[in-house]
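Please read the structure below before turning to the comments.
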Amino acid sequence: MSDIQTKQSLILEAKLDLMAAPPLNEALSALQGEAVNLDASNVTHIDMPCLQILLAAAKHWQRSDMNLYISNPSDAFRAGLETLGIDPLIFQKAETF
Numbered sequence: 849m850s851d852i853q854t855k856q857s858l859i860l861e862a863k864l865d866l867m868a869a870p871p872l873n874e875a876l877s878a879l880q881g882e883a884v885n886l887d888a889s890n891v892t893h894i895d896m897p898c899l900q901i902l903l904a905a906a907k908h909w910q911r912s913d914m915n916l917y918i919s920n921p922s923d924a925f926r927a928g929l930e931t932l933g934i935d936p937l938i939f940q941k942a943e944t945f
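Residue numbers for the sequence shown follow the numbering used here, so the first one is 849 and each next one is one higher.
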């Protein structure tokens with residue numbers, strides 16, 4: 849396996865609620881095996897279903913020795929993590945936090 853990782857980007861939806869969970873899960877599943885940058889700049893609301901998907905993805909990427917980044921986290925994204933007691937460092941190399 850090469851040390852060079854292909855880095856893909858995914859812009860997160862503004863409203864990450866129950867309705868957004870299945871498409872988010874599908875999008876992340878399609879990117880497995882690659883380093884991924886999740887742009888959270890548009891997030892205005894995040895609920896537990898999408899947060900669970902993001903947390904599961906972070907763990908999966910870490911186990912696969914791949915990087916999952918969160919970039920440009922909006923205030924609402926940060927607040928959602930804080931409200932739910934989630935350390936943003938769970939996202940491997942979350943450089944912009």
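For glycine and all other residues, C-beta sits at the position ideal for the given N, C-alpha and C.
On a predicted model such as this, the values are computed, not experimentally measured, just so you know.
Selection L879, I938, K855, Q856 evaluated against L899 yields I938 as nearest (Cα-Cα).
When the Cα atoms are used, K907 and M867 turn out to be separated by approximately 23 Å. Taking all protein chains in view, the Cβ of A904 is surrounded by fewer than 16 other Cβ atoms within 10 Å, so the residue is classified as exposed. Under a 10 Å Cβ-count criterion, G881 is classified as exposed, with fewer than 16 other Cβ atoms of the shown protein chains found around its own Cβ. Bounds of the beta strand (DSSP E) holding A883 are 883-887.
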